[in-house]
Structure formats: C-alpha cells, structure tokens
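See structure below.
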Amino acid sequence: MSALAREYNAINLSQGFPDFDCDPELVKLISKKMEAGHNQYAPMAGVPELNRIISNKIASAHQSVYDPETEITITAGGTQAIFTAIASIIRQNDEVIIFEPAYDSYAPTVKAFGGLVKPYEMAPPHFEINWDVVKKLISVNTKMIIINSPHNPTGRILNDTDIKELINITKNTDILILSDEVYEHLIYDENEHKSLCKYPELKERTFITASFGKLFHATGWKVGYCCAPELLMKEFRKIHQFQVFSVNAPMQYAFAEYLSKNDIFSELPKFFQEKRDYFRKLMSETKFTLLPCDGSYFQNVTYENITNLKDIDFAIKLVKENQVASIPNSAFYSKTTDYRSLRFCFAKKQETLEKAVERLIKL
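Quick note, the sequence shown lines up with residues 19 to 381 if you use the working numbering.
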C-alpha cells in the first residue's frame with residue numbers, strides 16, 4: 019500500500035510510521051557519540067548503560083526485575099527481536115498459537131523454522147478472545163503462544179480476564195510465550211499496560227520484545243530489545259550472535275544518555291491520545307464506523323455504510339480515486355478473512371490527518 023501511495027501521490031495512513039521528526043536533541047546526541055569514537059561494534063548483548071536503563075525502567079513501571087547483563091539484549095528493531103525469539107525455540111512441527119488479525123511477521127517466521135501456525139480469529143468490533151476456544155487449540159505439540167498488547171492492527175489491550183486465562187492455560191506446561199509489547203507506552207484513557215513481566219507465572223516462560231522506534235518517532239533507526247529469564251535469553255543470544263551480532267553503537271550510547279535526562283515514557287500516552295482523539299473527531303464526520311482503539315497508533319474502521327466491496331478492493335480504490343492509503347485488515351488474517359474493515363495510522367502531523375479526512379468525507 020505504501021508503494022501504491024507513492025505511485026498515486028496519496029496521503030499514506032497505511033504503514034505504521036510517523037511523518038514528524040524525533041527530538042533534535044537526540045539527533046545531536048548520535049552525532050556527538052559518533053564524534054566521540056563510538057563507531058565500532060557494541061557489545062553483543064548491548065551497551066551496558068542502555069541495558070541498565072531498560073532494567074531500571076521495567077522495575078519502576080512493572081515492579082519486575084531483569085538482570086541487565088544476562089536477561090536483556092538490544093536488537094535491530096522489534097521485528098528482529100520477534101524473529102530471534104521464534105528462531106531460538108521453534109522446530110519442525112512445533113505448534114504456535116497466534117491471535118489474528120496479527121502483525122504480519124509472526125506466521126512467516128514460525129513457518130520458516132518448520133513450525134505450524136494455529137490461528138485464533140478475533141472479530142470486530144471488540145476483538146474479544148473466547149479462551150474456551152483457545153484451549154481447544156492447545157495440543158501436546160503446542161510450543162508457543164504469541165501475544166501482542168497493545169495490539170496491531172486492532173488497538174485492543176489485554177484485560178484482567180485475558181491474563182488470568184493465559185496463566186491457567188500455560189500452568190504446568192512447557193508452553194512458552196512471545197509477548198510483543200512494542201506499543202506498551204501508547205495506551206489510552208488511563209488504562210494500564212499489563213506487561214507479562216508483572217506476573218511471575220507468565221514472566222518465567224516469556225520473551226518480551228520492544229521497540230525504540232515507537233518511543234522516539236524514529237522507526238528507520240531499527241533499534242529495539244528483548245527481555246527474558248536467563249535460561250531463555252541464553253537461547254535467544256545463540257541466534258542473535260550469528261544473525262546481527264550487535265546493534266548500531268552510536269545510537270545505543272545516544273539513547274542511554276538521552277533516557278538518563280528525559281522522561282519520554284510518561285509523555286507518550288498523552289501525546290498519542292491527543293492524536294487519536296483528534297483523528298476520531300475528524301473521522302466522525304465521515305461515513306466510516308469507528309472501532310474501539312485502546313492502544314497503539316492505529317484506528318480501525320468499518321465501511322458498511324459506503325460500499326460492499328471487499329476490503330482490499332476498497333483500499334485500492336481509496337488510493338487511486340481519493341488519494342488516501344490504508345491497510346485492508348484481511349491482510350492480517352491467514353485465511354484473508356474479510357470483515358470489511360480498514361486500518362489507518364494516526365501517528366501523523368495534524369495537517370496530514372486533516373487533509374486525509376477532507377478527502378474521505380467526500381465518499
């Protein structure tokens with residue numbers, strides 16, 4: 019869709035990246051670190067100062083402790099962390115439960131290592147999880163469950179029932195969990211992010227992946243991290259070492275200094291909720307039906323009041339005729355299930371959102 023947006027000079031609300039710049043202070047810090055000579059390999063697990071800051075941040079936010087030397091690894095973005103966690107565990111015929119619609123890297127990575135994807139389909143408008151159905155997907159071959167909260171593409175967040183059921187399902191089993199928490203600070207309406215590291219029964223079996231790109235409005239820098247108990251992290255690093263070995267050194271040193279002086283974590287929910295609220299207010303003037311959005315920077319809509327076209331056909335039509343790009347949500351289902359819904363990214367400048375909705379109102 020991004021390629022199509024470029025071809026038709028459309029406003030791109032499809033791919034999940036901001037169209038505004040990161041803090042200029044951070045850019046200056048990266049230059050400063052390059053000039054200071056931090057241009058060679060960083061330690062394989064990450065720059066120690068940055069790992070310590072991550073450990074302290076998790077302890078403060080979630081009252082959960084990870085050893086910065088043995089249980090945290092800096093990665094080349096959140097997707098590499100996801101790939102590496104799956105690669106370190108999944109073997110031929112291992113089964114992995116995925117909640118769909120799902121971020122599109124999960125299933126291909128599982129399949130690349132011979133694993134079998136067992137999808138659970140969530141449906142709009144609220145994308146609830148029926149855990150009794152999930153239990154029926156569990157077998158002796160279930161090796162991993164992939165969780166994503168706040169969820170891409172739906173904006174759903176885990177609730178207390180979800181956590182309780184996940185604990186019950188995995189109790190007394192060898193099932194591991196991959197918890198994709200790249201949008202952990204993009205959570206709204208004073209809701210709490212329920213990181214799996216908060217729950218000892220889950221933490222002991224979980225890889226948690228995160229992304230600095232989402233924090234710093236710099237997705238192109240591709241820096242993230244993974245946290246896991248030492249036993250799991252040892253397996254993670256066996257893959258990481260020969261996949262990328264280490265991650266961009268000057269950026270790591272810059273992030274460490276920047277985070278030691280700035281409380282960016284507490285600022286993000288308000289910053290993005292204002293964008294969410296503004297976009298929803300604009301979209302309320304269109305014929306689209308807004309679905310709930312409790313987290314992430316994606317707003318989902320249905321379009322039953324506009325057309326009966328399949329979502330992919332309608333998304334293409336929007337680009338070609340209205341010059342606005344979205345993502346058809348059927349792309350996030352393994353069976354291309356079509357609920358006639360689209361995903362828009364609202365991590366954009368105010369004028370970008372206004373211009374896009376001006377075009378959508380005409381439908």
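C-beta: ideal position from N, C-alpha, C; glycine also.
Beta-carbon gap between N347 and R361 smaller than 8 Å: Numbered from 1 along the sequence shown, position 329 holds the residue referred to as residue 347. Numbered from 1 along the sequence shown, position 343 holds the residue referred to as residue 361. A contact, by the Cβ cut-off of 8 Å.
Inter-residue Cα distance where the pair is A105 and H169: Your numbering for residue 105 matches position 87 in the sequence shown. Your numbering for residue 169 matches position 151 in the sequence shown. Between A105 and H169, the alpha-carbon positions lie close to 22 Å from each other.
C-beta atoms of E89 and C245 nearer than 8 Å: In the sequence shown, residue 89 corresponds to position 71, counting from 1. In the sequence shown, residue 245 corresponds to position 227, counting from 1. Closer than 8 Å, so yes.
Sequence-distant residues of its chain with Cβ nearer than 8 Å to D312 (five each side left out): Counted from its first residue, the sequence shown places residue 312 at position 294. Excluding positions up to five away in sequence, the list reads P168, G173, R174, I175, I205, Y206, D207, N209.
Bridge partners - M162, DSSP secondary structure assignment: Stepping through the sequence shown from its first residue, residue 162 is reached at position 144. In DSSP, M162 forms a bridge with V114, L194.
Proximity below 8 Å, CB of I115 to CB of V152: By 1-based counting over the sequence shown, the position of residue 115 is 97. By 1-based counting over the sequence shown, the position of residue 152 is 134. The Cβ atoms of I115 and V152 lie closer than 8 Å to each other.
Which residues DSSP lists as bridging Y243, in chain order: To locate residue 243, count along the sequence shown from 1; it is residue 225. Answer is I92, A228, bridged to Y243.
Supposed contact pair V200 and S229 - C-beta distance, whole angstroms, cut 8 Å: Here residue 229 refers to the residue found at position 211 of the sequence shown. Here residue 200 refers to the residue found at position 182 of the sequence shown. The pair is a contact, with the Cβ atoms about 4 Å apart (cut-off 8 Å).
CB contact flag (E219, K182, <8 Å): Locating residue 219 in the sequence shown gives position 201, counting from the first residue. Locating residue 182 in the sequence shown gives position 164, counting from the first residue. No Cβ-Cβ contact shorter than 8 Å links E219 with K182.
Proximity of A103 and F350 at Cβ, strictly below 8 Å: In the sequence shown, residue 103 corresponds to position 85, counting from 1. In the sequence shown, residue 350 corresponds to position 332, counting from 1. Going by C-beta atoms, A103 is not nearer than 8 Å to F350.
Length of the line joining the Cα atoms of N280 and F225: Locating residue 280 in the sequence shown gives position 262, where the first residue counts as 1. Locating residue 225 in the sequence shown gives position 207, where the first residue counts as 1. Each residue's alpha carbon lies about 27 Å from the other.
Contacts around K338, its chain only, beta-carbon distance under 6 Å, and the 5 residues preceding and following it disregarded: In the sequence shown, counting from the first residue as 1, residue 338 sits at position 320. Contacts found: Y26.
Candidates K353, L308, L300, of which the one nearest L371 by Cα: Mapped onto the sequence shown, residue 371 falls at position 353. If we check each option's Cα against that of L371, L300 comes out closest.
Proximity winner among P119, I330, P66, S197, relative to P142 (alpha-carbon distances): Residue numbering aside, residue 142 sits at position 124 when the sequence shown is read from its first letter. Considering only alpha carbons, the answer is P119.
N-terminal and C-terminal residue of the beta strand (DSSP E) that S348 is part of: For this step, residue 348 is matched to residue 330 along the sequence shown. Membership of S348 in any beta strand (DSSP E) is not indicated, and neither H nor E is assigned to it by DSSP.
N148 versus V45, G133, T179, R358, residue with shortest Cα-Cα distance: Your numbering for residue 148 matches position 130 in the sequence shown. Of the listed residues, the one whose Cα sits closest to N148 is T179.
Beta-bridge partners of P137, as assigned by DSSP: One-based indexing of the sequence shown puts residue 137 at position 119. For P137, the beta-bridge partners assigned by DSSP are I116.
Chain-order list of residues whose beta-carbon lies under 8 Å from that of K221 (same chain, five-residue window excluded): On the sequence shown, residue 221 is found 203 positions in, with the first residue counted as 1. Only S82, L214, C215, P247 meet the Cβ criterion.
Start-to-end residues for the beta strand (DSSP E) that takes in V65: For this step, residue 65 is matched to residue 47 along the sequence shown. Boundaries for V65: no beta strand (DSSP E) harbours it, and the DSSP string shows neither H nor E there.
S264: first and last residue of the uninterrupted beta strand (DSSP E) it sits in: Position 246 of the sequence shown, counted from the start, is the residue given in the question as residue 264. In this chain, S264 is not harboured by any beta strand (DSSP E), its DSSP state being neither H nor E.
L22 to K46 span [Cα, whole Å]: By one-based count along the sequence shown, residue 22 stands at place 4. By one-based count along the sequence shown, residue 46 stands at place 28. Each residue's Cα considered, the two are about 34 Å apart.
Chain-order list of residues whose beta-carbon lies under 6 Å from that of G133 (same chain, five-residue window excluded): Taking the first residue of the sequence shown as 1, we reach residue 133 at position 115. Setting aside the 5 residues that flank it on each side, G133 is surrounded in the same chain by I108, D112, V114, each with a C-beta closer than 6 Å to its C-beta; the list follows chain order.
The stretch 266–278 touching the stretch 65–75, judged by at least three CB pairs closer than 8 Å: Yes: the two stretches touch, three or more of their Cβ pairs being nearer than 8 Å.
Straight-line gap, P137 to L184 (C-alpha atoms, nearest Å): Taking the first residue of the sequence shown as position 1, residue 137 is located at position 119. Taking the first residue of the sequence shown as position 1, residue 184 is located at position 166. Distance between the alpha carbons of P137 and L184 is about 16 Å.
Through-space distance from M19 to D331, alpha-carbon basis: Taking the sequence shown and counting its residues from 1, the one referred to as residue 331 is at position 313. Taking the sequence shown and counting its residues from 1, the one referred to as residue 19 is at position 1. Approximately 12 Å, taken between the alpha carbons.
Segment limits, beta strand (DSSP E) that includes Q317: In the sequence shown, the residue the question calls residue 317 occupies position 299. Unbroken beta strand (DSSP E) run through Q317: 316–320.
Euclidean distance between Cα positions of F35 and T237: Numbered from its first residue, the sequence shown carries residue 35 at position 17. Numbered from its first residue, the sequence shown carries residue 237 at position 219. CA-CA distance, F35 to T237, rounds to 6 Å.
For F101 and I164, the rounded distance between their alpha carbons: If you number the sequence shown from 1, residue 164 lands on position 146. If you number the sequence shown from 1, residue 101 lands on position 83. Roughly 12 Å separates the two Cα atoms.
Sub-8 Å separation of L336 and T320 beta-carbons: As a working note, residue 336 is residue 318 in the sequence shown. As a working note, residue 320 is residue 302 in the sequence shown. No, they are not a contact pair.
For A54, the three-state DSSP class (helix, strand or coil): The residue given as residue 54 occupies position 36 in the sequence shown. Coil.
Separation of E43 from K252, as counted between CA atoms: To locate residue 252, count along the sequence shown from 1; it is residue 234. To locate residue 43, count along the sequence shown from 1; it is residue 25. Separation of K252 and E43 (C-alpha to C-alpha, rounded to the nearest whole angstrom) is 35 Å.
Candidates R294, N318, D150, E322: closest to K305 by CA position: Your numbering for residue 305 matches position 287 in the sequence shown. Residue E322 is the option with its Cα nearest to K305.
Backbone CA spacing between I334 and A343 [nearest angstrom]: Locating residue 334 in the sequence shown gives position 316, where the first residue counts as 1. Locating residue 343 in the sequence shown gives position 325, where the first residue counts as 1. Taking the straight line joining both Cα atoms gives about 8 Å.
Beta-carbon gap between Q110 and G242 smaller than 8 Å: On the sequence shown, position 92 is the one that residue 110 refers to. On the sequence shown, position 224 is the one that residue 242 refers to. Cβ atoms of Q110 and G242: not closer than 8 Å.
I100 in three-state terms, based on DSSP: The residue given as residue 100 occupies position 82 in the sequence shown. Of the three classes helix, strand and coil, the one that applies to I100 here is helix, per DSSP.
Where F306 falls: helix, strand or coil (DSSP): Working through the sequence shown from its first residue, we reach residue 306 at position 288. In the structure shown, F306 sits in coil (DSSP, three-state: anything other than H, G, I, E or B).
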